[in-house]
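Written below as structure tokens is the structure these notes are about.
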Amino acid sequence: GAVVSQHPSRVICKSGTSVKIECRSLDFQATTMFWYRQFPKQSLMLMATSNEGSKATYEQGVEKDKFLINHASLTLSTLTVTSAHPEDSSFYICSAELAGGLPTDTQYFGPGTRLTVL
Amino acid sequence: GENVGLHLPTLSVQEGDNSIINCAYSNSASDYFIWYKQESGKGPQFIIDIRSNMDKRQGQRVTVLLNKTVKHLSLQIAATQPGDSAVYFCAENGLYNTDKLIFGTGTRLQVFP
């Protein structure tokens, strides 16, 4: 149980185009999903917190107009990288929170999406 | 920030030996800690967690130790296997009343036959 999928797993796009990445919780409902970015040989950096039915909360330094997040249902959140540039090339990972009534709920991670902007 | 690293420290062990991976966390108010394993090109995989009211927790072949006095977390892997080769991250829930995780810089574990 608690499986999170991402689509696509790998995408190559031209500079200036927009790319949409989907994050789905397959067998549970997630009111909260998180989006991370990971550069090579570095740790995961939280970009934003996505809450179903409300606006996402972005971390400091993350442009909300560039990284559009939509959490339209309890099982789907999307991240759209708008007007992508080579410096946006990275590994994007989402996680979905399994709500268990605990003070801190467990996050389950997707397999990641490798974005390459030419 | 504390979760950005310029390089990954590496721990090399021989198959069958025990591994100990260490992590210094940043926030003394953190009350929940998790260890994740990340294989190349994949997302993090949950290994084991521990809450701040405990100092030790054991799983299958893994043990997590928490020392709140010095803000130190360790992951012990018994009888390390080639399949354990990966990057290991500790994460803390360091922000009050949020579920945000702060990730450590990570340690690469290499297991040699």
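Protein sequence lines, in the order shown, are assigned to chains A and B.
To convert a position in the first sequence, counted from 1, into the numbering used here, add 1.
To convert a position in the second sequence, counted from 1, into the numbering used here, add 99.
No residue lacks a Cβ here, since even glycine has one placed at the ideal position from N, Cα and C.
Would you say residue i faces chain B, with C-beta separation under 8 Å as the test?
i	result
Glu88(A)	no
Gly17(A)	no
Ile70(A)	no
Lys42(A)	yes
Gly102(A)	Below a pLDDT of 50, predicted positions are generally treated as unreliable, and Gly102(A), at 47, falls in that range; the measurement from the model is reported next regardless. So, not an interface residue.
Leu77(A)	no
Gly111(A)	yes
Glu98(A)	yes
Leu80(A)	no
Ile22(A)	no
Thr30(A)	For clarity, residue 30(A) is Gln in the given sequence; the question names Thr instead. By this cut-off, Gln30(A) is not an interface position.
Ile1(A)	In the structure as shown, chain A begins at 2 and stops at 119. Residue 1(A) is therefore absent and cannot be evaluated.
Thr117(A)	no
What span of residues does the beta strand (DSSP E) with residue i cover, start to end?
i	result
Phe29(A)	First-last for Phe29(A): undefined, no H or E at that position.
Tyr187(B)	Ala185 to Glu191
Gln108(A)	Thr107 to Phe110
Phe97(A)	Rather than Phe, the amino acid found at residue 97(A) in this sequence is Ala. Where Ala97(A) is concerned, the enclosing beta strand (DSSP E) stretches over Ser91 to Leu99.
Ala123(B)	Ser118 to Ala123
Gln112(B)	For clarity, residue 112(B) is Val in the given sequence; the question names Gln instead. Looking at the DSSP string, the run of the beta strand (DSSP E) that includes Val112(B) is Thr109 to Gln113.
Leu200(B)	That residue, Leu200(B), is in no beta strand (DSSP E); it is neither H nor E in DSSP.
Leu116(A)	Thr114 to Val118
Please confirm if residue i has its CB atom under 8 Å from at least one CB of chain A.
i	result
Leu164(B)	no
Thr206(B)	no
Leu215(B)	Look at the range of chain B in this structure, 100 to 212, and you will see that residue 215(B) is not part of it.
Gly142(B)	yes
Asp198(B)	yes
Gly182(B)	no
Leu110(B)	no
Gly158(B)	no
Mapping the DSSP letters down to three states, classify residue i as helix, strand or coil.
i	result
Gly102(A)	Model confidence at Gly102(A) stands at a pLDDT of 47, short of 50, so the residue's coordinates are unreliable and nothing is read from them.
Is there a Cβ from chain C that is less than 8 Å from the Cβ of residue i?
i	result
Thr33(A)	Of the chains in the structure shown, none is chain C; the protein chains are A and B.
Inset, instruction - Count the C-beta pairs between the region 104-118 of chain A and the region 48-65 of chain A that are closer than 8 Å, then say yes if the count reaches three, no if not. - result: Judged by Cβ distances under 8 Å, the region 104-118 of chain A makes no contact with the region 48-65 of chain A, as fewer than three pairs qualify.
Legend entry - Residue ranges of each beta strand (DSSP E) within the region 7-89 of chain A, 3 or longer: Qualifying beta strand (DSSP E) stretches, in chain order: 11-14, 20-26, 33-39, 46-52, 68-74 and 77-82.
Legend entry - Meets three-Cβ-pair contact criterion under 8 Å: the region 79-98 of chain A and the region 35-51 of chain A: Verdict: yes, contact present.
Inset, instruction - Can you check the region 125-179 of chain B for any beta strand (DSSP E) of at least 3 residues that lies completely inside it and give the ranges in chain order? - result: As far as the region 125-179 of chain B is concerned, its whole beta strand (DSSP E) runs of at least 3 residues are 131-137, 144-150, 155-157, 161-166 and 171-176.
Inset, instruction - Spell out a yes or no on whether the region 175-184 of chain B and the region 15-25 of chain A are touching, meaning 3 or more CB-CB pairs, one atom from each, closer than 8 Å. - result: They do not touch, by the three-pair rule.
Inset, instruction - Indicate whether the contact test is met: 3 or more Cβ pairs, each with one atom in the region 124-134 of chain B and one in the region 50-60 of chain A, closer than 8 Å. - result: These segments do not touch.
Inset, instruction - Assess, as a yes-or-no matter, whether the region 17-31 of chain A is touched by the region 105-118 of chain B under the definition of 3 or more beta carbon pairs within less than 8 Å. - result: Result no; under three Cβ-Cβ pairs closer than 8 Å.
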